[in-house]
Amino acid sequence: ILARRPAPVQINYLGMPATMGARYIDYIIADPRVIPPGDHPHYSERILYLPDSYLVTDDRRQIDAHTPARADLNLPEDGFVFCCFNNNYKITPELFTIWMRLLHQVSGSVLWLLEDNPVATRNLRTEAQLRGIAPERLVFAPRVPAGAHLARHRRADLFLDTLPYNAHTTASDALWTGLPVLTCAGETFAGRVAASLLDAVGLPELITHDLDRYAALALALARHPERLREIRTRLARNRGTCPLFATDRFRRHLESAYVTLWERLRRGEMPATFSVMRES
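So in our numbering the end of the sequence shown lands on 280, straight run, no missing numbers.
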């Protein structure tokens, strides 16, 4: 359909965190973190830069008032809970090895994952055992309604991001509930999204740039709860003041981009990379 040009301007947004590689897609909506200037040659589209994170959020999302007890979630009452609610296919062997090493290093800790499908659950428990970790230290969360899913984030201590394909909406969910997200920024759009979100919520110290630093910071946060508490306190404060969850501000920036696109079209100009000015 898009190849037949149903619209005079066609834009890649949200569905594909990479170039479409198609001459009939004029723009991709991004931010400077997910597509740094040096990456322009790798995109067939022109870049429409938003000033904050490119990823829209909803500042009216409801979180269930009731938070289940850890025991009801099969989590230890006192142990450190690392979690990752990304789809299981994003978990690589290299990353999983790092996670298992963290469980070795943090006594009583568990890894809380999304229950994607029985095959993935069985395979991950088998791989944990091969790395010397008791399979019951992997806890799987079944799918539940959105409000309940958001509420149960409160029982986790630290969200561990995946690489090369980051958490996108799942990272936004975690941050909305007050759960810190630790990421390792990758080399592609899909691998830099969590970094974009952390920039926009004022927590750049949770962005690492190689897996050794990622592992070291995860361990440090697990062993120094006061440091993690300070980050959680700032996240709770920043949620209401930083750009990430300022949905109406995002709407104004996006509408400004649409106006610019329309004006360029009316003047007969070819697509060109441009940046939306940040509101003062």
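Backbone N, C-alpha and C define an ideal beta-carbon position, used for all residues, glycine too.
On the CB-based measure, 16 or more other CB atoms within 10 Å of its CB, does residue i come out buried or exposed?
i, result
"A3", "exposed"
"E255", "exposed"
"L130", "exposed"
"E45", "buried"
"I1", "exposed"
"P17", "buried"
"N86", "buried"
"L111", "buried"
"P287", "Outside the modelled stretch of the chain, which goes from 1 to 280, sits residue 287, for which no answer is possible."
"D31", "buried"
"T241", "exposed"
"H224", "exposed"
"T183", "buried"
"R137", "buried"
"S172", "buried"
"P243", "buried"
"D161", "buried"
"H253", "buried"
From residue i to residue j, what distance separates their C-alpha atoms?
i, j, result
"Q62", "R239", "14 Å"
"I25", "Y258", "15 Å"
"P142", "R213", "31 Å"
"P286", "E187", "Nothing about residue 286 can be read from this structure; the chain reaches only from 1 to 280."
"A284", "G132", "In this structure the chain extends from 1 to 280, so residue 284 is not present and cannot be described."
"H153", "T177", "7 Å"
"T273", "T19", "14 Å"
"P6", "V181", "40 Å"
"R237", "L228", "14 Å"
"V34", "G79", "35 Å"
"V106", "E226", "16 Å"
"S275", "L50", "6 Å"
"D199", "R23", "31 Å"
"I98", "T260", "46 Å"
"H149", "L14", "22 Å"
"R155", "D39", "39 Å"
"D116", "C84", "12 Å"
"L179", "R278", "27 Å"
"R234", "F140", "29 Å"
"F159", "R264", "42 Å"
Closer than 7 Å: is that where the CB of residue i sits relative to any heavy atom of the ligand NAD?
i, result
"A65", "Of the ligands one can find in the structure shown there are none, so the ligand NAD has no counterpart to examine."
Where do the ends of the alpha helix (DSSP H) carrying residue i lie?
i, result
"F46", "Note on residue identity: the sequence assigns Arg, not Phe, to residue 46. Here R46 belongs to no alpha helix (DSSP H); instead the beta strand (DSSP E) covers 46-49."
"L150", "146-152"
"L175", "169-176"
Can you tell me where the beta strand (DSSP E) with residue i in it begins and where it stops?
i, result
"A30", "27-30"
"A182", "The amino acid at residue 182 is misidentified as Ala; the sequence shows Leu. Note, L182: beta strand (DSSP E), 181-184."
"L160", "158-160"
> At what residue ranges does the segment 54-95 contain a whole run of the beta strand (DSSP E), taking only runs of 3 or more?
Replying inline: 81-84
>> Extract the residue ranges of the alpha helix (DSSP H) inside the segment 190-261, only unbroken runs of 4 or more that lie entirely within it.
In response: 193-200, 211-223, 225-238
>> Extract the residue ranges of the alpha helix (DSSP H) inside the segment 108-137, only unbroken runs of 4 or more that lie entirely within it.
In response: 118-130
> Touching or not, the segment 122-129 and the segment 189-204, by the rule of three or more beta carbon pairs under 8 Å?
Replying inline: no
> Taking contact to mean at least 3 C-beta pairs separated by less than 8 Å, is the segment 158-174 in contact with the segment 79-96?
Replying inline: yes
> Given 8 Å as the limit, is there contact between the segment 201-211 and the segment 63-73, that is, 3 or more CB pairs closer than that?
Replying inline: no
> Does the pairing of the segment 72-83 with the segment 52-62 give three or more beta-carbon distances under 8 Å?
Replying inline: Fewer than three pairs of CB atoms, one per stretch, sit closer than 8 Å, so the segment 72-83 makes no contact with the segment 52-62.
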